[in-house]
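Input: a single structure, listed below in structure tokens.
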Amino acid sequence: MRRRDREVTDPETILSIIDECDIIRIGLADGDHPYIVPMNFAYTVTDDPENGRQIAFYVHGAMAGRKYGLMKQNRKCSFEMDIPLEMDCITEKKDVTMRYKCVMGRADIEFLEGEEKQSAIDNIIMARYEQTRSFDYNRKAVAVTMIARLVVTELTAKINPIGGGAD
1214 MRRRDREVTD PETILSIIDE CDIIRIGLAD GDHPYIVPMN FAYTVTDDPE NGRQIAFYVH
1274 GAMAGRKYGL MKQNRKCSFE MDIPLEMDCI TEKKDVTMRY KCVMGRADIE FLEGEEKQSA
1334 IDNIIMARYE QTRSFDYNRK AVAVTMIARL VVTELTAKIN PIGGGAD
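Residue numbers (the working numbering): 1214 to 1380.
As structure tokens, then:
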């Protein structure tokens, strides 16, 4: 990371950035070019005595199509999520910078099946938002819905805060 002054290492601050985001962008390998897909997500955090804190993102989609095929073909992905804050024109320095918060990283893709899949839908994905917690969704769609857990293997976070210095 070039701008170490913007790096976020505090785990709780990183989680607060994740909480503010509604979309995760997944980068998948597709031949010579990456394929980037914006998706809704939910996440879990577990503390493992051996491996430390583990973050996993949960995404869903059809069990068909380009995204699904690429995820099945290569079970690794990159991800990014961000919160634009404001564009800052710094008159005295004749500089312009975007104020933002972001989280980026890499993850291993695991596909969920059976009870684990249903539990992830009910207890993680649907539980993320107040509007969906008690929503009576079409349970027949679960059979043709892909649920993937993205187990984070690398993670970085940055903030260029409002009121911060110029680039």
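Glycine is no exception: its CB is placed at the ideal position from the N, C-alpha and C atoms.
- Exclusion of the five residues before and after Lys-1330 leaves Ile-1360 as the residues of its chain whose Cβ lies within less than 6 Å of its Cβ.
- Closest in alpha carbon position to Ser-1332, among Tyr-1313, Arg-1352, Cys-1234 and Leu-1368, is Arg-1352.
- Cβ atoms of Ile-1338 and Tyr-1281 stay farther apart than 8 Å, at about 17 Å.
- Here Thr-1366 has Arg-1319, Ala-1320 and Asp-1321 as same chain residues with Cβ atoms under 7 Å from its own Cβ, once five neighbours each way along the sequence are excluded.
- For Pro-1374, the closest C-alpha among the options Ile-1227, His-1246, Ile-1231 and Arg-1312 is that of Arg-1312.
- DSSP places Arg-1238 in no alpha helix (DSSP H) but in the uninterrupted beta strand (DSSP E) bounded by 1236 to 1243.
- One Cα belongs to Gly-1278, the other to Ile-1249, and the distance between them is close to 14 Å.
- A direct Cα-Cα distance of roughly 28 Å separates Ile-1230 from Asn-1287.
- For the set Val-1355, Glu-1343, Leu-1363 and Met-1300, the Cα lying nearest the Cα of Phe-1324 is the one of Leu-1363.
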